[in-house]
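Numbering-wise, the sequence shown is residues 224 to 388 according to the working numbering. Okay, structure first, notes after.
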Amino acid sequence: GHSLSGGNKRVGMLHSLSAPTANKSSKSVDEALGVLVQGFLRGGVGSFLKGSTPSPEIRVGIAHAFVFCFHYLGQSWIEKHLPSVISHVSELVKNLKGGSSPTEVIAARKSVFFILSSVIGRLLRENVQLSACKEMILSLQKSKNNSDLGSADNSLESNEHWQVC
Numbered sequence: 224g225h226s227l228s229g230g231n232k233r234v235g236m237l238h239s240l241s242a243p244t245a246n247k248s249s250k251s252v253d254e255a256l257g258v259l260v261q262g263f264l265r266g267g268v269g270s271f272l273k274g275s276t277p278s279p280e281i282r283v284g285i286a287h288a289f290v291f292c293f294h295y296l297g298q299s300w301i302e303k304h305l306p307s308v309i310s311h312v313s314e315l316v317k318n319l320k321g322g323s324s325p326t327e328v329i330a331a332r333k334s335v336f337f338i339l340s341s342v343i344g345r346l347l348r349e350n351v352q353l354s355a356c357k358e359m360i361l362s363l364q365k366s367k368n369n370s371d372l373g374s375a376d377n378s379l380e381s382n383e384h385w386q387v388c
């Protein structure tokens, strides 16, 4: 795993994000990634931020937090949980609030591109990169099928955001 101080000590909450062992559940990692998604989309979990649109700086910071978490969890964890990784990252653009400004949409797309290129493009082996591409295609198909069924008001628009990334 990665360390923050150059030593072998793991810091704070990230200690609980280490690759799952026999007594650790990936559910807690999913919950932590879900918190990052919510912070990216809605501005955080603090009462004064709830419901607001997060600043571009917060979104950039959260994108870096995603990359750090995935690097920390490691290549083998990502490979085993690839569908979950793709799902969480795709949520960053698929669930943008309706009426988002073009600037917000572009920033979100760039953040997702940064996460995908940093993690999938640089951390994973070529055969796993191909598996990640397949997962992204499946995610796009699922999103398109949902928009064809009219399951969400902004699903067509969100599918386009995901396609661009």
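Don't be surprised by glycine CBs; every beta carbon is placed ideally from N, CA and C. The structure displayed is predicted, hence computed values, not measured ones.
- Pick out the complete alpha helix (DSSP H) segments inside the stretch 295 to 356, 4 residues or longer, and give them in chain order. Considered as a whole, the stretch 295 to 356 harbours 298 to 303, 305 to 317, 325 to 346 as its complete alpha helix (DSSP H) runs of no fewer than 4 residues, in chain order.
- Query: Within the chosen definition, does the stretch 296 to 303 reach the stretch 337 to 348 through at least 3 CB pairs nearer than 8 Å?
  - Reply: Because the criterion of three Cβ pairs below 8 Å is met, the stretch 296 to 303 and the stretch 337 to 348 touch.
- Proximity to F336 [Cα-Cα], best of H287, E280, S278, L259: As a working note, residue 336 is residue 113 in the sequence shown. Closest option to F336, Cα to Cα, is H287.
- Task: Measure the alpha-carbon distance for S313 versus M359 and round it to whole angstroms.
- Result: As a first step, residue 313 is located in the sequence shown; it is residue number 90 there, counting from the start. As a first step, residue 359 is located in the sequence shown; it is residue number 136 there, counting from the start. Each residue's Cα considered, the two are about 8 Å apart.
- Task: Consult DSSP for S275 and reduce its assignment to one of helix, strand or coil.
- Result: Numbered from its first residue, the sequence shown carries residue 275 at position 52. Residue state, collapsed to three classes: coil.
- Query: With DSSP run on the structure shown, which of helix, strand or coil describes G266?
  - Reply: Here residue 266 corresponds to residue number 43 of the sequence shown, with the count starting at 1. In the displayed model, G266 falls within coil according to three-state DSSP, outside both helix and strand.
- Message: Using C-beta distances below 6 Å, list every residue in its chain close to G183, excluding the 5 sequence neighbours before and after it, in chain order.
- Response: Nothing can be reported for residue 183: it is not among the residues displayed for the chain, which extend from 224 to 388.
- Please say whether L339 and L264 have beta carbons closer to each other than 9 Å? In the sequence shown, residue 264 corresponds to position 41, counting from 1. In the sequence shown, residue 339 corresponds to position 116, counting from 1. Not closer than 9 Å, so no.
- Item | Nearest-angstrom beta carbon gap, S362 and S310 [assumed within contact, 8 Å] | Residue mapping note: residue 310 aligns to position 87 of the sequence shown, counting from 1. Residue mapping note: residue 362 aligns to position 139 of the sequence shown, counting from 1. Confirmed, Cβ separation roughly 7 Å.
- Message: Using the Cβ count rule (16 or more neighbours within 10 Å means buried), how would you classify S278?
- Response: Mapped onto the sequence shown, residue 278 falls at position 55. It counts as exposed.
- Task: Tell me, to the nearest whole angstrom, how far the beta carbon of S307 is from that of D253; I am working on the premise that it is less than 8 Å.
- Result: Numbered from its first residue, the sequence shown carries residue 307 at position 84. Numbered from its first residue, the sequence shown carries residue 253 at position 30. At roughly 6 Å, the Cβ-Cβ gap stays under 8 Å, so S307 and D253 are in contact.
- If you draw a straight line from the C-alpha of C356 to the C-alpha of S275, how long is it? Counted from its first residue, the sequence shown places residue 356 at position 133. Counted from its first residue, the sequence shown places residue 275 at position 52. Just so you know, the alpha carbons of C356 and S275 end up roughly 33 Å apart.
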